[in-house]
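Residue numbers (my numbering): 1 to 699. Cβ coordinates follow ideal geometry from the N, Cα and C atoms, glycine included. For reference, the structure discussed in these notes is given below.
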């Protein structure tokens, strides 16, 4: 069908809005799923966003000067694009990834880039073609960018707020894709009223069926090969999948095995290494972990009350019955552990933390000096704290020494005694009282009846000797891990890369390729857009980290922060009243530099705030204002004047700069340099972009 048939009623603005909504929805849902599959740490998140934006930039570059026409066909391909990426993602996951294992960084990066490429190319290509159509109908590229961003804002709010935990990931992806395809067909290809009714009815029927019978069961079965999936569902915090392997029941959280039947050794180590340091404990705090088998071990101490803190209610839903069987008074707290510890008035004789290692910026905060100080405040005299920052390596290379020294030194800054214990994981036991590694003797004295942490399997002499060896390896010159300088997160990523020596070189090569692809879209006359977008992307990463550090895992507030940034971009690019002429470019750059500098000065005070509405509102405002100025740069660089730019070139520079910003700040700058220094880098980036602008004007 010829698109010209619909030319009279085709609205580029509506198409741009739908493009923005669909693109952002798919991005958020695919990010959630790929973070589950590949491990969820920031370097992979940065690689995802970098790959997404570079792929979109390549698509917009292909659209520049392309002879491909027919808006209807382009929109239909774009709305069907998510299906291509879903098929690729599932195929690649089965080919190169093992279920339940975190892939190496090169494997994760290749997997991410290839799976995203089809849809991202179509997304960038479609936006430029719709921008050209809008320009032909009188809309400036800045207005088109604003309308597309507005669609993204709605998607961010819809996915992050009401959609969180209601629809499963693949269920939402397929519903959104089907509705997008339906819109394309109704707008460009179907004119008969009867045919339209049939299509709408069919779409409604399929959507209803997918709501009643979520298709995620099929997709999880494909991803977890070898596992007989019996149940799967998403929560606002992750995916829970239950299944059987050779008749043994197991539970996977975000594709990682968290509970299984034969976990006696691990569950006893998790509990007894720390609990054996206490005398007649009455109050115990258990932070996360597989609670069922751990409660059985804790009940051996005849405690008065166990407080179990787990952010995801779905993971704590079934433990009440276990506590009743073990006759333990259980209090379940579905809250962020950092927030609970700062707010509770209770005191504990033992605090057992079973959170994963500091693999991400979010998890890193539980291994900081600040968190350990908060924990000590709720501990009684003589109480003990236990955590595990990672695996127990047979050989401690330099990366392992730095990782564990960072956490060890953080504990030493708070507690009088810290002892490492090598078990199935590397444990750190901390207390102001003396710590004993004679676990077998203590187990016999307390008559606990353990199966693994006992003299039948362990030797006190060997455990003590190994503990002393590890203590001697700890490097006191390694800086303690802090909230504002999350060094342990950086060391953890270095440690993981060092475990596979064959992965180091490919990782470096792949990162260089990503940077090179970004620089392909860099031009002197678009340098202002490139560097301002780079700075804004880094700023977004920092704001989200500050939100986590102050309020915990505030998922709904995260959506609001992102929506605030996108609203700023839409306001700046769509309104010509805020900044009427390009003569004010220097003033805007100066304001941008000042805003970033003020954020650096305020960072420490914001991190000390505890009132959630004030923190959320302040972070939204801090993100909105720089985004307005950055959006105005896009409008000016695409609307003629002294420097006339093709929208495709400016948009490609915008995406490419953002890509490097997400990767560089999430994986390198923030973990290595900290929040404050990273914030002070942003004014330099904004000023650099303005220097390129001046250079291009003087040509």
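| Item | Value |
| --- | --- |
| DSSP-derived helix/strand/coil call for residue 609 | coil |
| CA-to-CA distance, residue 369 to residue 479, given in whole angstroms | 11 Å |
| Enclosing beta strand (DSSP E) for residue 387 [first to last residue] | 379-391 |
| Backbone CA spacing between residue 63 and residue 122 [nearest angstrom] | 10 Å |
| Three-state class that DSSP yields for residue 276 in the structure shown | coil |
| Cα-Cα separation between residue 59 and residue 117, rounded to whole angstroms | 9 Å |
| Proximity below 8 Å, CB of residue 152 to CB of residue 21 | yes |
| DSSP-derived helix/strand/coil call for residue 702 | Residue numbering for the chain in the displayed model covers 1 to 699; residue 702 lies beyond these limits and cannot be assessed. |
| Pairwise C-alpha distance: residue 540 and residue 623 | 7 Å |
| Closest by C-alpha distance to residue 269, when choosing among 428, 52, 231, 89 | 428 |
| Cβ pair count under 8 Å reaching 3, the segment 677-693 against the segment 489-496 | no |
| Distance between residue 689 and residue 521 (C-alpha atoms, nearest Å) | 14 Å |
| The segment 352-362 touching the segment 239-247, judged by at least three CB pairs closer than 8 Å | no |
| The segment 338-355 in contact with the segment 272-290 per 3-pair CB rule at 8 Å | yes |
| Through-space distance from residue 306 to residue 441, alpha-carbon basis | 25 Å |
| In chain order, each alpha helix (DSSP H) run of at least 4 residues that lies wholly inside the segment 37-108 | 42-63, 71-96 |
| Residue span of the alpha helix (DSSP H) that contains residue 410, given as start and end | 398-412 |
| Cα-Cα separation between residue 424 and residue 390, rounded to whole angstroms | 10 Å |
| Of the listed residues 246, 226, 252, 248, nearest to residue 233 (C-alpha basis) | 252 |
| Where the alpha helix (DSSP H) containing residue 193 begins and where it ends | 193-212 |
| Heavy atom of the ligand FAD within 7 Å of residue 469 beta-carbon | Of ligands this structure carries none, so the ligand FAD is not represented either. |
| Residue 357, DSSP secondary structure in three states | coil |
| Helix, strand or coil at residue 14 [DSSP, three-state] | helix |
| Inter-residue Cα distance where the pair is residue 163 and residue 210 | With a pLDDT of 48 at residue 163, under the threshold of 50, the predicted position of this residue should be treated as unreliable, though the coordinate-derived value follows. Each residue's Cα considered, the two are about 15 Å apart. |
| Euclidean distance between Cα positions of residue 221 and residue 378 | 43 Å |
| Burial state of residue 295, where buried means 16 or more other Cβ atoms lie within 10 Å | buried |
| Supposed contact pair residue 38 and residue 103 - C-beta distance, whole angstroms, cut 8 Å | 6 Å |
| Residue 439 versus residue 673 - alpha carbon distance | 40 Å |
| Cα-Cα separation, residue 298 to residue 292 | 10 Å |
| CA-to-CA distance, residue 366 to residue 529, given in whole angstroms | 37 Å |
| Straight-line gap, residue 375 to residue 341 (C-alpha atoms, nearest Å) | 7 Å |
| Cut-off 6 Å between Cβ atoms - residues of its own chain near residue 231, not counting five sequence neighbours on either side | 242 |
| Cβ pair residue 630, residue 536 closer than 8 Å | yes |
| Endpoints, alpha helix (DSSP H) assigned at residue 253 | Premise fails: residue 253 lies in the beta strand (DSSP E), 248-253, not in any alpha helix (DSSP H). |
| Those residues which DSSP pairs with residue 307 across a bridge | 285, 331 |
| Cβ neighbour criterion (16 or more within 10 Å) applied to residue 614 | exposed |
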